[in-house]
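Note that my numbering has the sequence shown beginning at 698, numbered continuously upward. Every residue gets a Cβ at the ideal spot worked out from N, C-alpha and C, and that includes glycine.
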Amino acid sequence: MLQDIIIVRYDELALKSKKVRSRFEQVIVKNIKAMLDSDGCSYSDVSREMGRIFIHTGDASAVESAAKVFGVVSTSPAYTCEPTLESTAGLCAELAEGFIQKGESFGIRARRAGIHDFTSRDVGVACGDAVYKKFNGTISVNLTNPDREIFVEVRQKKAYVFTESVKGVGGLPLGTQGKMVALISGGIDSPVAAWMMMKRGCDIIPLYLNNEPFSDETTRERAMECIDILQKWSPHKKFTVYEAPHGDSLLAFLEKCNNRLNCVLCRRMMYRVAFEVLELEGAHGIITGASLGQVASQTSQNMLSEMYGMEYPIYHPLIGMDKLEITNIARRIGTFEPSTKPATCCLAVPEYPSTAAKIDEVVKAEAKIDVPSLVDSSMKNIKKSVR
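Shown next as C-alpha coordinates:
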(Lines of atoms letter the chains of each structure in order from A and count residues from 1; the text may use other names and numbers.)
(Lines give C-alpha, C1' and ligand atoms only; values in the text may rest on other atoms or scores of the structure.)
Protein backbone atom coordinates (compact mmCIF):
# COMPACT_ATOMS: atom_id res chain seq x y z
CA MET A 1 0.00 0.00 0.00
CA LEU A 2 1.20 3.47 -0.83
CA GLN A 3 0.02 6.65 0.82
CA ASP A 4 -0.92 8.93 -2.04
CA ILE A 5 -2.36 12.02 -0.39
CA ILE A 6 -1.94 14.30 2.64
CA ILE A 7 -4.95 15.82 4.37
CA VAL A 8 -4.38 19.39 5.58
CA ARG A 9 -6.70 20.87 8.20
CA TYR A 10 -7.32 24.39 9.44
CA ASP A 11 -9.65 25.76 12.12
CA GLU A 12 -9.86 29.57 12.29
CA LEU A 13 -10.49 29.84 8.56
CA ALA A 14 -13.68 27.84 8.98
CA LEU A 15 -15.13 30.63 11.14
CA LYS A 16 -14.82 33.21 8.37
CA SER A 17 -17.50 34.17 5.87
CA LYS A 18 -17.62 32.14 2.66
CA LYS A 19 -15.92 34.90 0.66
CA VAL A 20 -13.14 35.48 3.20
CA ARG A 21 -12.63 31.74 3.74
CA SER A 22 -12.19 31.20 0.00
CA ARG A 23 -9.62 34.00 -0.19
CA PHE A 24 -7.72 32.66 2.84
CA GLU A 25 -7.77 29.13 1.40
CA GLN A 26 -6.21 30.41 -1.83
CA VAL A 27 -3.43 32.05 0.19
CA ILE A 28 -2.77 28.97 2.29
CA VAL A 29 -2.63 26.75 -0.82
CA LYS A 30 -0.06 29.13 -2.33
CA ASN A 31 1.94 29.11 0.92
CA ILE A 32 1.84 25.31 1.15
CA LYS A 33 3.21 25.02 -2.38
CA ALA A 34 5.98 27.50 -1.55
CA MET A 35 6.93 25.58 1.62
CA LEU A 36 6.95 22.24 -0.21
CA ASP A 37 9.13 23.70 -2.96
CA SER A 38 11.47 25.27 -0.40
CA ASP A 39 11.86 21.96 1.43
CA GLY A 40 12.38 19.99 -1.79
CA CYS A 41 9.20 17.92 -1.44
CA SER A 42 7.66 16.38 -4.56
CA TYR A 43 3.91 16.69 -5.25
CA SER A 44 1.61 16.73 -8.26
CA ASP A 45 -1.05 19.14 -6.98
CA VAL A 46 -2.49 20.96 -3.96
CA SER A 47 -6.28 21.15 -4.06
CA ARG A 48 -9.09 22.25 -1.72
CA GLU A 49 -12.52 20.84 -1.05
CA MET A 50 -15.15 21.62 1.61
CA GLY A 51 -12.99 22.61 4.58
CA ARG A 52 -9.99 20.48 3.65
CA ILE A 53 -6.85 20.97 1.61
CA PHE A 54 -5.25 17.98 -0.09
CA ILE A 55 -1.62 17.54 -1.13
CA HIS A 56 -1.37 14.93 -3.87
CA THR A 57 1.92 13.24 -3.09
CA GLY A 58 3.56 10.08 -1.88
CA ASP A 59 6.49 12.02 -0.42
CA ALA A 60 6.43 11.38 3.35
CA SER A 61 8.50 14.49 4.08
CA ALA A 62 5.65 16.69 2.84
CA VAL A 63 3.67 15.88 6.01
CA GLU A 64 6.07 17.78 8.29
CA SER A 65 6.71 20.46 5.67
CA ALA A 66 3.05 21.42 5.30
CA ALA A 67 2.61 21.43 9.09
CA LYS A 68 5.00 24.43 9.23
CA VAL A 69 2.65 26.61 7.17
CA PHE A 70 0.81 29.25 9.19
CA GLY A 71 -2.90 28.48 9.30
CA VAL A 72 -2.43 24.69 9.25
CA VAL A 73 -3.52 22.93 12.46
CA SER A 74 -2.68 19.37 11.43
CA THR A 75 -1.65 17.14 8.54
CA SER A 76 -2.23 13.43 7.97
CA PRO A 77 -0.74 11.08 5.36
CA ALA A 78 -3.69 9.09 4.04
CA TYR A 79 -4.76 6.24 1.79
CA THR A 80 -7.68 6.75 -0.60
CA CYS A 81 -10.43 4.60 -2.05
CA GLU A 82 -13.92 4.88 -3.53
CA PRO A 83 -16.44 6.48 -1.11
CA THR A 84 -18.46 3.30 -0.54
CA LEU A 85 -18.87 1.26 2.62
CA GLU A 86 -17.38 -1.83 0.99
CA SER A 87 -14.27 -0.08 -0.36
CA THR A 88 -13.66 1.89 2.83
CA ALA A 89 -14.07 -1.14 5.08
CA GLY A 90 -11.72 -3.17 2.87
CA LEU A 91 -9.07 -0.44 2.97
CA CYS A 92 -9.33 -0.22 6.78
CA ALA A 93 -8.85 -3.97 7.12
CA GLU A 94 -5.84 -3.92 4.80
CA LEU A 95 -4.25 -1.01 6.68
CA ALA A 96 -4.93 -2.59 10.08
CA GLU A 97 -2.97 -5.71 9.18
CA GLY A 98 0.35 -3.90 9.52
CA PHE A 99 -0.80 -1.45 12.17
CA ILE A 100 -2.56 -3.43 14.91
CA GLN A 101 -0.90 -6.26 16.85
CA LYS A 102 -2.68 -9.32 18.22
CA GLY A 103 -4.01 -8.70 21.71
CA GLU A 104 -4.37 -4.94 21.20
CA SER A 105 -7.58 -2.94 21.25
CA PHE A 106 -8.68 -0.63 18.46
CA GLY A 107 -11.27 2.02 17.64
CA ILE A 108 -12.58 3.45 14.38
CA ARG A 109 -13.10 7.23 14.25
CA ALA A 110 -15.42 7.87 11.32
CA ARG A 111 -16.66 11.08 9.71
CA ARG A 112 -18.75 11.66 6.63
CA ALA A 113 -19.29 14.71 4.40
CA GLY A 114 -21.40 15.05 1.29
CA ILE A 115 -24.47 13.11 0.13
CA HIS A 116 -24.45 9.36 0.83
CA ASP A 117 -27.03 6.69 1.60
CA PHE A 118 -25.28 5.82 4.88
CA THR A 119 -24.32 7.61 8.10
CA SER A 120 -21.02 8.15 9.91
CA ARG A 121 -22.09 5.45 12.35
CA ASP A 122 -22.61 3.05 9.45
CA VAL A 123 -19.06 3.78 8.31
CA GLY A 124 -17.68 3.10 11.78
CA VAL A 125 -19.58 -0.16 12.16
CA ALA A 126 -18.63 -1.46 8.70
CA CYS A 127 -14.95 -0.61 9.10
CA GLY A 128 -14.77 -1.92 12.66
CA ASP A 129 -16.41 -5.19 11.65
CA ALA A 130 -13.99 -5.64 8.73
CA VAL A 131 -10.94 -5.01 10.92
CA TYR A 132 -12.18 -7.32 13.69
CA LYS A 133 -12.83 -10.16 11.23
CA LYS A 134 -9.41 -9.66 9.65
CA PHE A 135 -7.82 -10.67 12.98
CA ASN A 136 -10.21 -13.56 13.67
CA GLY A 137 -11.13 -12.20 17.09
CA THR A 138 -7.55 -11.84 18.38
CA ILE A 139 -8.06 -8.09 18.93
CA SER A 140 -10.73 -6.21 20.87
CA VAL A 141 -12.84 -3.11 20.29
CA ASN A 142 -12.40 -0.16 22.67
CA LEU A 143 -13.95 3.14 21.64
CA THR A 144 -12.98 4.95 24.87
CA ASN A 145 -9.23 4.43 25.16
CA PRO A 146 -7.98 2.09 22.43
CA ASP A 147 -4.40 1.03 21.85
CA ARG A 148 -4.78 1.88 18.17
CA GLU A 149 -7.03 4.28 16.29
CA ILE A 150 -7.95 4.27 12.62
CA PHE A 151 -9.47 7.44 11.23
CA VAL A 152 -11.87 7.46 8.30
CA GLU A 153 -13.24 10.41 6.34
CA VAL A 154 -15.76 9.61 3.65
CA ARG A 155 -16.30 12.58 1.38
CA GLN A 156 -18.25 13.10 -1.83
CA LYS A 157 -15.66 11.84 -4.30
CA LYS A 158 -13.26 9.79 -2.19
CA ALA A 159 -12.76 8.14 1.18
CA TYR A 160 -9.62 8.73 3.22
CA VAL A 161 -8.13 6.38 5.80
CA PHE A 162 -5.22 7.33 8.07
CA THR A 163 -3.66 6.54 11.43
CA GLU A 164 -1.66 9.62 12.40
CA SER A 165 -1.80 13.40 12.53
CA VAL A 166 1.08 15.86 12.75
CA LYS A 167 0.32 19.02 14.70
CA GLY A 168 0.62 22.23 12.71
CA VAL A 169 1.51 25.74 13.90
CA GLY A 170 -2.04 27.07 13.50
CA GLY A 171 -2.84 30.76 13.22
CA LEU A 172 -3.82 32.59 10.05
CA PRO A 173 -2.31 32.32 6.56
CA LEU A 174 0.79 34.46 6.24
CA GLY A 175 0.12 37.60 4.22
CA THR A 176 -3.59 37.95 5.03
CA GLN A 177 -3.18 40.55 7.80
CA GLY A 178 -0.96 43.17 6.19
CA LYS A 179 2.65 44.14 6.88
CA MET A 180 4.46 45.02 10.11
CA VAL A 181 7.90 46.44 10.84
CA ALA A 182 9.57 44.04 13.30
CA LEU A 183 12.35 45.37 15.53
CA ILE A 184 14.98 42.61 15.65
CA SER A 185 17.80 42.96 18.19
CA GLY A 186 19.35 39.50 18.00
CA GLY A 187 18.24 38.56 21.52
CA ILE A 188 15.79 35.78 22.38
CA ASP A 189 12.61 37.86 22.55
CA SER A 190 12.37 39.96 19.39
CA PRO A 191 12.53 37.06 16.87
CA VAL A 192 9.83 35.24 18.84
CA ALA A 193 7.65 38.36 18.81
CA ALA A 194 8.06 38.65 15.04
CA TRP A 195 7.20 34.95 14.61
CA MET A 196 4.09 35.34 16.77
CA MET A 197 2.80 38.10 14.49
CA MET A 198 3.67 36.02 11.43
CA LYS A 199 1.50 33.33 12.98
CA ARG A 200 -1.34 35.86 13.06
CA GLY A 201 -0.96 36.37 9.31
CA CYS A 202 1.39 39.38 9.15
CA ASP A 203 4.23 39.68 6.68
CA ILE A 204 7.17 41.26 8.49
CA ILE A 205 9.78 43.83 7.52
CA PRO A 206 12.77 43.27 9.86
CA LEU A 207 14.54 46.37 11.15
CA TYR A 208 17.87 46.13 12.97
CA LEU A 209 19.09 49.22 14.85
CA ASN A 210 22.89 49.07 14.95
CA ASN A 211 24.21 50.37 18.29
CA GLU A 212 27.87 50.63 17.26
CA PRO A 213 30.14 51.80 18.85
CA PHE A 214 28.16 50.62 21.91
CA SER A 215 27.97 47.09 20.49
CA ASP A 216 29.94 45.24 17.82
CA GLU A 217 29.51 43.03 14.76
CA THR A 218 28.70 39.94 16.86
CA THR A 219 25.36 41.48 17.84
CA ARG A 220 24.51 42.25 14.22
CA GLU A 221 25.46 38.73 13.14
CA ARG A 222 23.07 37.25 15.71
CA ALA A 223 20.25 39.45 14.46
CA MET A 224 20.86 38.56 10.80
CA GLU A 225 21.01 34.84 11.60
CA CYS A 226 17.67 35.09 13.41
CA ILE A 227 16.18 36.96 10.45
CA ASP A 228 17.37 34.22 8.08
CA ILE A 229 15.70 31.58 10.26
CA LEU A 230 12.45 33.55 10.37
CA GLN A 231 12.56 33.80 6.58
CA LYS A 232 12.36 30.01 6.34
CA TRP A 233 8.86 30.32 7.81
CA SER A 234 7.98 32.63 4.91
CA PRO A 235 9.14 30.76 1.79
CA HIS A 236 6.56 32.46 -0.43
CA LYS A 237 8.22 35.85 -0.02
CA LYS A 238 11.74 37.16 0.66
CA PHE A 239 12.25 39.62 3.52
CA THR A 240 13.05 43.27 2.89
CA VAL A 241 15.52 43.97 5.70
CA TYR A 242 16.54 47.40 6.97
CA GLU A 243 19.64 48.23 9.04
CA ALA A 244 19.83 51.70 10.57
CA PRO A 245 22.66 53.27 12.62
CA HIS A 246 21.61 54.06 16.18
CA GLY A 247 24.92 54.85 17.90
CA ASP A 248 24.72 58.64 17.44
CA SER A 249 21.38 58.70 19.25
CA LEU A 250 22.80 56.72 22.16
CA LEU A 251 25.79 59.06 22.33
CA ALA A 252 23.46 62.09 22.47
CA PHE A 253 21.52 60.54 25.38
CA LEU A 254 24.73 59.82 27.28
CA GLU A 255 26.09 63.33 26.80
CA LYS A 256 22.98 65.44 27.33
CA CYS A 257 20.30 63.49 29.23
CA ASN A 258 19.71 61.82 32.57
CA ASN A 259 21.33 58.45 31.90
CA ARG A 260 18.76 56.59 33.98
CA LEU A 261 16.31 57.39 31.15
CA ASN A 262 18.55 55.96 28.43
CA CYS A 263 16.51 52.80 27.83
CA VAL A 264 13.23 54.71 27.49
CA LEU A 265 14.81 57.35 25.25
CA CYS A 266 16.43 54.62 23.18
CA ARG A 267 13.11 52.84 22.62
CA ARG A 268 11.40 56.06 21.61
CA MET A 269 14.10 56.80 19.04
CA MET A 270 13.88 53.24 17.71
CA TYR A 271 10.13 53.66 17.28
CA ARG A 272 10.61 56.90 15.36
CA VAL A 273 13.02 55.24 12.91
CA ALA A 274 10.65 52.28 12.64
CA PHE A 275 7.78 54.63 11.79
CA GLU A 276 9.85 56.06 8.93
CA VAL A 277 10.37 52.54 7.57
CA LEU A 278 6.66 51.83 8.11
CA GLU A 279 5.74 54.76 5.89
CA LEU A 280 8.28 53.77 3.23
CA GLU A 281 6.88 50.23 3.07
CA GLY A 282 3.19 50.97 3.58
CA ALA A 283 3.13 48.83 6.74
CA HIS A 284 0.51 48.98 9.48
CA GLY A 285 2.36 48.78 12.78
CA ILE A 286 5.52 48.05 14.75
CA ILE A 287 6.39 44.78 16.53
CA THR A 288 8.58 44.67 19.64
CA GLY A 289 9.79 41.88 21.93
CA ALA A 290 8.77 43.63 25.15
CA SER A 291 7.52 41.40 27.99
CA LEU A 292 6.03 43.14 31.01
CA GLY A 293 8.39 43.16 33.99
CA GLN A 294 10.99 40.91 32.38
CA VAL A 295 13.77 43.48 32.77
CA ALA A 296 14.00 46.69 34.77
CA SER A 297 13.22 48.90 31.79
CA GLN A 298 10.08 46.97 30.73
CA THR A 299 7.68 48.23 33.40
CA SER A 300 4.17 49.50 32.73
CA GLN A 301 5.17 53.09 33.59
CA ASN A 302 8.20 52.96 31.30
CA MET A 303 6.16 51.52 28.45
CA LEU A 304 3.58 54.27 28.90
CA SER A 305 6.34 56.87 28.58
CA GLU A 306 7.94 55.05 25.64
CA MET A 307 4.73 55.17 23.63
CA TYR A 308 3.66 58.68 24.60
CA GLY A 309 2.88 60.73 21.49
CA MET A 310 3.66 57.89 19.09
CA GLU A 311 1.69 58.03 15.87
CA TYR A 312 1.24 54.40 14.83
CA PRO A 313 0.24 51.14 16.56
CA ILE A 314 2.98 49.35 18.49
CA TYR A 315 2.37 45.63 19.09
CA HIS A 316 3.92 43.65 21.96
CA PRO A 317 2.87 40.01 21.32
CA LEU A 318 4.97 38.71 24.25
CA ILE A 319 3.61 41.17 26.81
CA GLY A 320 1.97 38.56 29.05
CA MET A 321 4.49 35.74 28.59
CA ASP A 322 7.29 34.75 30.93
CA LYS A 323 10.86 33.98 29.88
CA LEU A 324 10.38 30.21 29.94
CA GLU A 325 7.40 30.42 27.58
CA ILE A 326 9.32 32.69 25.23
CA THR A 327 12.42 30.48 25.35
CA ASN A 328 10.38 27.37 24.57
CA ILE A 329 8.97 29.02 21.45
CA ALA A 330 12.46 30.20 20.43
CA ARG A 331 13.71 26.61 20.65
CA ARG A 332 10.76 25.35 18.62
CA ILE A 333 11.10 27.87 15.80
CA GLY A 334 14.89 27.62 15.61
CA THR A 335 16.02 31.06 16.82
CA PHE A 336 17.19 30.12 20.32
CA GLU A 337 20.69 28.95 19.35
CA PRO A 338 21.72 32.06 17.37
CA SER A 339 20.04 34.32 19.95
CA THR A 340 22.24 32.93 22.71
CA LYS A 341 25.60 33.07 20.93
CA PRO A 342 28.20 35.24 22.70
CA ALA A 343 27.85 38.89 21.74
CA THR A 344 28.68 42.32 23.14
CA CYS A 345 25.81 43.71 25.20
CA CYS A 346 24.80 47.34 24.67
CA LEU A 347 27.32 49.43 26.59
CA ALA A 348 24.94 52.39 26.81
CA VAL A 349 22.61 50.64 29.27
CA PRO A 350 22.82 52.47 32.63
CA GLU A 351 23.78 50.62 35.79
CA TYR A 352 20.49 51.64 37.40
CA PRO A 353 17.88 52.24 34.68
CA SER A 354 14.70 54.05 35.62
CA THR A 355 11.79 51.71 36.31
CA ALA A 356 9.17 54.46 36.49
CA ALA A 357 10.08 57.13 33.95
CA LYS A 358 7.54 59.95 34.02
CA ILE A 359 6.28 61.33 30.73
CA ASP A 360 7.25 64.91 31.62
CA GLU A 361 10.80 63.73 32.49
CA VAL A 362 11.12 62.06 29.11
CA VAL A 363 9.76 65.08 27.24
CA LYS A 364 12.21 67.40 29.03
CA ALA A 365 15.12 65.05 28.28
CA GLU A 366 14.26 64.92 24.59
CA ALA A 367 14.11 68.72 24.49
CA LYS A 368 17.87 68.71 25.16
CA ILE A 369 18.66 66.84 21.94
CA ASP A 370 17.79 67.38 18.28
CA VAL A 371 15.42 64.44 17.79
CA PRO A 372 14.47 65.19 14.13
CA SER A 373 18.13 65.48 13.09
CA LEU A 374 19.02 62.19 14.75
CA VAL A 375 16.13 60.43 13.00
CA ASP A 376 17.11 62.02 9.67
CA SER A 377 20.71 60.91 10.14
CA SER A 378 19.63 57.32 10.78
CA MET A 379 17.39 57.32 7.70
CA LYS A 380 20.04 58.87 5.44
CA ASN A 381 22.45 56.08 6.37
CA ILE A 382 19.94 53.24 6.47
CA LYS A 383 20.73 50.09 4.45
CA LYS A 384 18.13 48.00 2.65
CA SER A 385 18.60 44.42 1.50
CA VAL A 386 16.55 41.42 0.44
CA ARG A 387 17.15 38.13 2.26
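Exercise. Given a threshold of 16 other Cβ atoms within 10 Å of its Cβ, counted over all protein chains shown, does N1078 qualify as buried or as exposed?
Worked result: exposed
Problem set entry | For M1076, the three-state DSSP class (helix, strand or coil) | helix
For this session: Please report how far the alpha carbon of G1161 lies from the alpha carbon of F815, in whole angstroms.
Result: Within the shown structure, residues of the chain are numbered from 698 to 1084, placing residue 1161 beyond reach of any answer.
Exercise. Quick one: what's got a C-beta closer than 7 Å to K1020's C-beta in the same chain, skipping five residues either side?
Worked result: Q991
For this session: Kindly list the residues whose CB is nearer than 8 Å to the CB of V1083, restricted to its own chain and excluding five residues on each side of it in sequence; keep chain order.
Result: K935, F936, T937 and V938
Exercise. For L904 versus V961, is the C-beta distance shorter than 7 Å?
Worked result: no
Exercise. From V866 to S931, what distance separates their C-alpha atoms?
Worked result: 13 Å
Exercise. With 16 other CB atoms within 10 Å as the buried threshold, where does C963 fall?
Worked result: buried
Exercise. To the nearest angstrom, how far is it from the Cα of S735 to the Cα of Y776?
Worked result: 25 Å
Problem set entry | Terminal residues of the beta strand (DSSP E) in which R806 lies | S802 to R809
Exercise. With DSSP run on the structure shown, which of helix, strand or coil describes I836?
Worked result: coil
Problem set entry | Three-way DSSP call (helix, strand, coil) for C778 in this model | strand
Problem set entry | 7 Å CB neighbourhood of M1007 in its chain, flanking five on each side removed | Y968
Exercise. What's the gap between the Cα of D900 and the Cα of L869?
Worked result: 11 Å
Problem set entry | Cβ-Cβ distance between V863 and V760 below 7 Å | yes
Problem set entry | CB contact flag (V878, I983, <7 Å) | yes
For this session: Take the Cβ of K765 as the centre, count every other Cβ of all protein chains shown within 10 Å, and call the residue buried at 16 or more, exposed below.
Result: buried
Exercise. What residue range is occupied by the uninterrupted beta strand (DSSP E) comprising V705?
Worked result: I702 to R706
Problem set entry | Anticipated Cβ contact below 8 Å, R749 with V717, distance rounded | 17 Å between Cβ atoms; not a contact.
Problem set entry | Residues bridged to E746 (per DSSP) | R749
For this session: Leaving aside the five residues before and after E850 along the sequence, list all residues of the same chain whose C-beta is less than 6 Å from its C-beta, in chain order.
Result: R808 and Y857
Exercise. If you draw a straight line from the alpha carbon of T785 to that of V820, how long is it in whole angstroms?
Worked result: 8 Å
Exercise. Within this structure, are the beta carbons of I725 and V743 separated by less than 7 Å?
Worked result: no
Problem set entry | Anticipated Cβ contact below 8 Å, A757 with P774, distance rounded | 7 Å
For this session: Starting from the Cα of F751, find the closest Cα among Y707, K715, L788 and G737 and give me that residue.
Result: Y707
Exercise. According to the neighbour-count rule (16 or more other Cβ atoms, all chains shown, within 10 Å of its Cβ), is C789 buried or exposed?
Worked result: buried
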